[in-house]
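The next block holds one structure in the form of structure tokens; read it before the comments.
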Amino acid sequence: LVIADQADSFAVVPGIAESWTASADFTQWTFTIRDNAVWHDGTKLTAEDVKWWVEFAVFGVEGRPKWSAGIAALGMSGTLSSVEVVRGNEVQMTFSEPQPHYLRTLVADRSTFMMAHPRHLVQPEFDNGNVLVAPPAFDYVALGPFKMKRYVKGSVIQVSRFDSWWGVDSQGRQLPYLDSIDYPIIPDQSAIIA
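Residue numbers (this note's numbering): 106 to 299.
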């Protein structure tokens, strides 16, 4: 939803949420989802997608193990009580306790903004009884600045620039700057050190 500013890691800047507001008592946070965010397969991101993902990540799905404690920040350790789509492209999260530091918590826990389960691809699998579906089943379609190019188990992960990513730098230039990244998989600790 939000990310840390590249120039000032203490500043919170828009992610897939272009703006946000909090209620006076900090029990409700409302995020306006940007109109120019698309999944790696070109499908437009919607507020319904964000609601679905937050509920999936925080509350889980019957028959599937719950996500790791890393997602605790998104649900503020069990205090998230509901997620609703309001006014078209806005997602409202309601907490049972005030969460005045919610944005900082989201930025501090980087796992909370990795939306790697697109509703339009995963929900049909859930509907067919496959609640254990994972990103490899749908070619790792996600929302980030890089999309999966190739994965060779035990060898390499290659990602390439996603030209439709919403990010731009302070001068309006399209991000990311890099065309691709290769991550070699080196399971041998001594080889890593060498």
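Beta carbons: idealized from backbone N, C-alpha and C, even for Gly.
> For Ser-60, which three-state DSSP category applies?
Replying inline: A question about residue 60 goes unanswered here, because the residues of the chain that appear run from 106 up to 299.
Report task. Find the nearest neighbour of Leu-106 within the set Ala-112, Pro-289, Ala-162, Val-155, judged by alpha-carbon distance. Result -> Within the sequence shown, numbered from 1, the residue matching residue 106 stands at position 1. Nearest C-alpha to Leu-106: Val-155.
### Message
Let me make sure I understand the geometry here. Which of Thr-132, Ala-162, Pro-292, Ile-291 has the alpha-carbon closest to that of Phe-200?
### Response
Along the sequence shown, one-based indexing puts residue 200 at 95. Comparing Cα-Cα distances from Phe-200 to each of Thr-132, Ala-162, Pro-292, Ile-291, the minimum goes to Thr-132.
Would Leu-280 pass as a contact of Val-143 if the rule is Cβ separation under 9 angstroms?
Walking along the sequence shown from the start, residue 280 turns up at place 175. Walking along the sequence shown from the start, residue 143 turns up at place 38. No, the Cβ-Cβ distance between Leu-280 and Val-143 is not below 9 angstroms.
- [ ] Identify, in the order they occur along the chain, each residue of the same chain with its Cβ nearer than 6 angstroms to the Cβ of Ser-269, setting aside the five sequence neighbours on each side.
- [x] Here residue 269 is taken as the residue at index 164 of the sequence shown, counted from 1. The residues are Val-143.
- Query: So what does DSSP say about Asn-278, is it helix, strand or coil?
  - Reply: By 1-based counting over the sequence shown, the position of residue 278 is 173. One detail in the question is off: residue 278 reads as Arg in this sequence, not Asn. Three-state result, Arg-278: coil.
### Length at least 3, wholly inside the segment 164 to 251: the beta strand (DSSP E) runs in chain order
185 to 191, 195 to 200
*asked:* Below 8 angstroms on the Cβ atoms is my contact criterion, and I expect Ser-265 with Lys-254 to pass it. Report the Cβ-Cβ distance as a whole number of Å.
replied: For the purposes of this step, residue 265 is identified with residue 160 of the sequence shown, where counting begins at 1. For the purposes of this step, residue 254 is identified with residue 149 of the sequence shown, where counting begins at 1. That belief holds up - the Cβ atoms of Ser-265 and Lys-254 are roughly 4 angstroms apart, short of 8 angstroms.
If the criterion is Cβ atoms closer than 9 angstroms, does the pair Val-196 and Ala-109 meet it? Locating residue 196 in the sequence shown gives position 91, counting from the first residue. Locating residue 109 in the sequence shown gives position 4, counting from the first residue. No, these two residues do not count as a Cβ contact at 9 angstroms.
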